[in-house]
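In UniProt numbering, the protein residues as written are 1 to 426.
Glycine included, each C-beta is placed from N, C-alpha and C at the ideal position.
Inspection log for the structure reproduced underneath, given as structure tokens.
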């Protein structure tokens with residue numbers, strides 16, 4: 001008998017009616033002969049409500065008590081889901097993190113998995129349990145305290161269980177019916193993908209695609225856990241949604257699989273920095289220490305001698321999330337005050353967006369960058385910064401042109417057509 005992991009997010013279990021709908025989907029998998037581990041999030045809005053209770057109760061911040069309160073939302077959902085399944089005649093019970101146990105580090109609010117022993121759940125499956133409903137987002141630290149896993153914790157919990165229990169597949173139920181070539185709200189011709197490689201999904205997630213969290217995709221790729229993203233609100237079967245899988249399972253890989261974007265970017269330029277060994281480390285170490293997430297980096301070197309700057313100088317440009325500009329500015333000013341770096345000016349452009357094309361087919365095809373840049377040039381969109389990886393090209397542009405850029409690139413690579421741009425050499 002094969003085992004499935006099914007994860008339902010907050011919108012999928014937002015109220016009792018939706019919990020009942022999710023339970024029906026679980027019941028159908030049991031009828032198909034599967035044992036099932038269900039991972040549930042808190043009901044939509046419940047976590048924010050619990051956070052509000054904490055803040056209203058005390059201005060003191062105790063991470064351990066915060067986790068104890070906030071994690072209770074998932075416990076409620078797990079109990080309600082188990083009750084509904086029992087009502088449908090399915091042998092089910094709820095499990096909290098400490099009961100499994102889900103062993104984690106002690107980093108409250110951002111704990112990491114240490115281990116998920118199979119013994120307790122396996123024993124109950126042997127006794128006749130068909131469904132284990134596990135509260136997501138939580139675990140237990142070595143000192144016995146409840147921990148939470150941070151953003152995307154329930155997705156990551158689902159993948160971790162699928163890996164630990166060698167599940168046939170991990171189904172992520174959400175409010176969309178799969179992974180699209182780009183945001184359908186921007187490009188009307190956006191097409192749902194039947195399959196996408198782990199690496200492509202990881203790039204899309206890190207670039208702003210919000211269907212799956214980066215951490216869960218990283219874990220799935222490491223342990224070869226096949227993920228399926230599908231809608232909680234539609235009737236589904238074995239062919240529904242999008243399968244996120246190993247590249248070897250994709251017979252025809254397109255050169256470009258998707259276009260991603262991020263609106264909330266800022267570009268920072270340190271003007272006239274001395275070009276010497278170690279200058280990059282002197283700039284980016286303080287940023288890392290301040291928790292600034294640096295993305296794209298460009299260094300412009302000039303060999304000209306300036307009156308106040310004998311020798312080569314450089315302008316160092318990098319992009320960061322726009323909400324981290326203040327942190328970055330403070331880190332650079334402190335580094336300059338400490339004599340670690342010197343620069344003439346710190347220029348901030350907080351009206352930019354990042355647009356990227358992603359595809360494993362880039363490894364074996366040339367001309368992707370040329371086609372991308374021409375598509376943007378044809379729309380009179382100026383590129384401020386360029387960054388590349390083996391399967392990705394990203395550009396920074398004026399934010400006002402972001403939607404136009406996404407549409408232009410989607411059209412340029414004909415992503416609305418499944419038969420165009422495929423590598424048929426496999």
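Supposed close pair residue i, residue j - CB separation, criterion 8 Å
i	j	result
residue 92	residue 86	6 Å
residue 259	residue 366	That pair is no contact at about 19 Å.
residue 75	residue 135	5 Å
residue 226	residue 169	5 Å
residue 415	residue 256	7 Å
residue 361	residue 254	5 Å
residue 320	residue 331	Contact doesn't hold; Cβ gap of about 11 Å is too wide.
residue 151	residue 96	At roughly 21 Å, the Cβ-Cβ gap does not stay under 8 Å, so residue 151 and residue 96 are not in contact.
residue 36	residue 81	Rounded, the Cβ-Cβ distance is 11 Å, inconsistent with contact.
residue 202	residue 218	6 Å
residue 50	residue 69	5 Å
residue 161	residue 5	5 Å
Assigned exposure category for residue i - 16 Cβ within 10 Å defines buried
i	result
residue 17	exposed
residue 390	exposed
residue 410	buried
residue 396	buried
residue 421	Below a pLDDT of 50, predicted positions are generally treated as unreliable, and residue 421, at 47, falls in that range; no measurement from the model is reported.
residue 190	buried
residue 73	buried
residue 338	exposed
residue 2	exposed
residue 356	buried
residue 163	buried
residue 8	buried
residue 148	buried
residue 46	buried
residue 61	exposed
residue 24	exposed
residue 237	exposed
residue 359	buried
residue 407	buried
residue 425	Confidence in residue 425 is poor, its pLDDT being 33 and thus under 50, which makes the residue's placement unreliable; the coordinate value appears in the next sentence. Exposed, because fewer than 16 other Cβ atoms sit within 10 Å of the Cβ of residue 425.
residue 157	buried
residue 334	exposed
residue 123	exposed
residue 94	buried
CB of residue i within 8 Å of CB of residue j, strictly
i	j	result
residue 211	residue 250	no
residue 233	residue 175	yes
residue 229	residue 172	yes
residue 242	residue 276	no
residue 269	residue 314	no
residue 102	residue 153	no
residue 266	residue 177	no
residue 108	residue 67	yes
residue 19	residue 84	yes
residue 402	residue 342	no
residue 287	residue 294	yes
residue 262	residue 207	yes
residue 43	residue 10	yes
residue 146	residue 71	yes
residue 131	residue 38	yes
residue 344	residue 271	yes
residue 220	residue 159	yes
residue 141	residue 104	yes
residue 348	residue 325	yes
residue 412	residue 381	no
residue 264	residue 322	yes
Beta-bridge pairing of residue i - partner residues as DSSP gives them
i	result
residue 131	36, 92
residue 169	4
residue 184	Note: residue 184 sits in no beta bridge, so no partner.
residue 41	Residue 41 is not bridged to any residue.
residue 318	268, 297
residue 138	148
residue 218	In DSSP, residue 218 forms no bridge with anything.
residue 196	244
residue 113	104
residue 206	For residue 206, which the question treats as bridged, DSSP gives no partner whatsoever.
residue 174	231
residue 388	393
residue 345	271
residue 356	260, 394
Heavy atom of the ligand FMN within 7 Å of residue i beta-carbon
i	result
residue 180	The ligand FMN is not among the ligands present in this structure, which contains no ligands whatsoever.
> Okay, do the region 279-289 and the region 380-387 touch, 3+ Cβ pairs below 8 Å being the bar?
Replying inline: With a cut-off of 8 Å, the region 380-387 and the region 279-289 do not count as touching, because too few Cβ pairs lie within range.
Exercise for review: Could you tell me whether the region 197-216 touches the region 29-42, where touching means 3 or more Cβ pairs closer than 8 Å?
Suggested key: no
- So, do the region 49-68 and the region 115-132 have three or more beta carbon pairs nearer to each other than 8 Å? no
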